[in-house]
Every structure is written in structure tokens, then in C-alpha cells.
Amino acid sequence: MDSYQVTCRSCGASNRIPADKEGVAGKCGSCKADLPPLYSQPQAVNAETFDRFVASYPGPVLVEFWAPW
Ligand SMILES: [Zn+2]
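Counting the sequence shown from 1 gives a position; my numbering is that position plus 6.
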């Protein structure tokens with residue numbers, strides 16, 4: 007995947023985000039509103055980093071919990 011398409015929540019414009027900008031917050035090209043950072047791959051978090059990652063992310067977060075047992 008070379009890029010992502012992100013719809014701006016403020017103006018509805020479609021923004022192309024280069025794949026190498028994964029995890030980097032951007033600005034809408036039309037209205038300059040903040041666009042949330044995107045991730046194409048699951049992000050591994052642990053007990054120490056979970057709260058900070060989820061609390062700081064500006065959009066919905068899908069969480070899969072996993073354990074070896
Ligand atoms: Zn916009």
C-alpha cells in the first residue's frame with residue numbers, strides 16, 4: 007500500500023496520506039484541521055504503554071486482548 011485515504015471529520019475532504027507517514031498526525035489539505043495518525047499494522051502495547059496510547063489517540067481504537075493460556 008503506497009498511501010491511505012483519510013476523510014476529514016471537519017470538512018469531509020478526502021486526504022491522501024503517504025504510507026511512510028504511518029503513525030504521524032497530519033493536517034487536512036482543504037481546511038487544515040488536524041488528522042489523526044493512522045496505523046496499517048497492529049500496535050503492540052503493554053501494561054505500561056496501553057493507557058497512554060489509548061488516551062492520547064484522537065479517534066476510535068480497536069483493541070484485541072491476547073494471552074498465551
Ligand atoms: Zn478538512
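By construction, the Cβ of each residue, glycine as well, lies at the ideal position given by its N, Cα and C atoms.
Cβ-heavy atom distance, residue i to ligand 1, below 6 Å
i, result
"S36", "yes"
"S16", "yes"
"A19", "yes"
"A39", "yes"
Nonlocal neighbours in the same chain, by C-beta distance under 7 Å from residue i, ignoring five residues either side
i, result
"I43", "According to the sequence provided, residue 43 is Pro. The question's Ile does not apply to it. If we look at P43 and ignore the five residues flanking it on each side, its Cβ neighbours are G29, V30, A31."
Classification of residue i by the beta-carbon crowding that lies within 10 angstroms, buried from 16 upward
i, result
"C37", "exposed"
"C14", "buried"
Anticipated Cβ contact below 8 Å, residue i with residue j, distance rounded
i, j, result
"A25", "Y10", "7 Å"
Own chain, CB closer than 6 Å to residue i, minus 5 neighbours either side, in chain order
i, result
"G35", "N21"
"V60", "V67"
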